[in-house]
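Visitor:
Number of protein chains: 2
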Amino acid sequence: MKGYIQVYTGNGKGKTTAAIGLSIRAAGAGKRVLFIQFVKGEVYSEIKALKRYDDLIEIHQYGQGCFIEKQITDEDRELAMTGLNEVKRLLKINNYEVIVLDEANIALYFGLFTIDELMSVIDCRPKGCEVIITGRYAPKELIELADLVTEMKEIKHYYTKGVCARKGIEK
Amino acid sequence: MKGYIQVYTGNGKGKTTAAIGLSIRAAGAGKRVLFIQFVKGEVYSEIKALKRYDDLIEIHQYGQGCFIEKQITDEDRELAMTGLNEVKRLLKINNYEVIVLDEANIALYFGLFTIDELMSVIDCRPKGCEVIITGRYAPKELIELADLVTEMKEIKHYYTKGVCARKGIEK
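Taken in sequence, the protein lines are chains X and E. Going left to right, the first sequence walks through residues 1 to 171 as our numbering numbers them. Going left to right, the second sequence walks through residues 172 to 342 as our numbering numbers them.
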């Protein structure tokens with residue numbers, strides 16, 4: 001049987017954070033995890049921390065940082081497609097039990113790849129391999145085909161008080 | 172300045188998972204974390220996984236497992252209060268930069284301790300120490316005084332398909 005597809009979306013804090021938590025929980029049970037991060041390119045504290053689990057959690061980043069407020073370039077698209085192709089290649093040779101596609105929703109939203117391209121990769125996963133997809137703006141088609149969807153809804157956020165992203169808390 | 176209070180609540184999957192992710196991110200930045208789990212007593216995979224970070228993340232559990240469908244006993248209340256007092260003691264002697272009070276909302280909801288008792292402990296934290304509180308049913312008073320609140324909203328869940336909690340994925 002195919003593993004389930006979990007989607008974490010919405011405008012609240014906690015999506016990538018939950019994906020990190022899911023990776024750690026899986027590793028705690030001895031599962032092998034492929035953690036792919038689209039869009040973001042910086043090595044945030046969580047990526048550094050996950051390195052302590054490099055026997056079980058394999059990490060690759062395919063992004064140049066946040067482009068939400070700038071023009072998307074061909075390079076952004078190429079990088080995302082390279083990532084998607086790399087995931088397909090890795091899924092053929094390694095027996096992952098969990099794959100995380102962090103910020104894939106953002107990549108879909110900005111047209112870096114299509115949902116058909118994403119699904120053709122996900123469909124290559126080994127039997128029982130769970131898929132975690134994060135990011136704002138999960139498209140309706142993805143929500144329909146997912147098995148679990150949580151919307152992280154912002155009720156209150158301290159950025160309205162002028163708090164910027166802090167090392168070890170947000171990044 | 173006091174650190175911020177973050178609350179993760181709602182009926183969707185991802186609350187404890189996000190708290191684990193936040194602990195990992197903090198550890199990745201070299202921050203010292205106190206991770207307290209109320210209500211739950213079993214050693215789930217995520218707790219096992221966090222042990223690899225025991226130089227930075229200190230974990231204590233004060234629960235006997237899920238009591239939602241059974242009667243709450245004096246022992247549940249005593250255990251939760253012991254936990255709360257222990258947090259107070261630890262905050263006085265160690266310089267944590269992040270404290271996680273996992274399932275504290277559930278403890279409040281079931282009257283294991285009051286919000287005043289919880290706040291009197293949180294108020295003892297060192298300068299700049301961030302507080303993460305998770306669990307369904309966050310009381311209105313807590314939402315009002317928190318700096319950041321995310322509601323994890325269940326849009327779709329596979330338990331409706333009869334999927335039970337799986338090792339390395341849910342527990």
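From the three backbone atoms N, C-alpha and C, an ideal C-beta is built for every residue, glycine too.
May I have a chain-ordered list of the alpha helix (DSSP H) segments no shorter than 4 residues that lie completely inside the segment 243-312 of chain E?
Guide: 245-264, 275-280 and 286-293
Visitor: Would you tell me roughly how many angstroms separate the C-alpha atoms of residue 233/E and residue 88/X, rounded to the nearest one?
Guide: 43 Å
Visitor: Using a 10 Å radius around the Cβ and a threshold of 16 neighbouring Cβ atoms, would you call residue 276/E buried or exposed?
Guide: buried
Visitor: Can you find a C-beta in chain E that's less than 8 Å from the C-beta of residue 25/X?
Guide: It does: the Cβ of residue 25/X has a partner Cβ on chain E nearer than 8 Å.
Visitor: So, helix, strand or coil for residue 316/E, using DSSP?
Guide: helix
Visitor: Rounded to whole angstroms, how far is the Cβ of residue 307/E from the Cβ of residue 180/E, which I believe are closer than 8 Å?
Guide: 6 Å
Visitor: Should residue 222/E be labelled buried (16 or more other beta-carbon atoms within 10 Å of its own) or exposed?
Guide: Residue 222/E comes out exposed.
Visitor: In chain X, what lies closer than 7 Å to residue 220/E by C-beta?
Guide: 24, 25, 27 and 28
Visitor: Count the other CB atoms within 10 Å of the CB of residue 120/X; is the residue buried (16 or more) or exposed (fewer)?
Guide: Its Cβ having fewer than 16 others within 10 Å, residue 120/X is exposed.
Visitor: Helix, strand or coil, according to DSSP, for residue 13/X in the structure here?
Guide: coil
Visitor: May I have the straight-line CA-CA distance separating residue 110/X from residue 42/X, to the nearest angstrom?
Guide: 19 Å
Visitor: Based on Cα-Cα distance, which residue from 218/E, 178/E, 317/E and 204/E lies nearest to residue 340/E?
Guide: 218/E
Visitor: Going along chain E, which residues have a C-beta under 7 Å from residue 157/X?
Guide: 319
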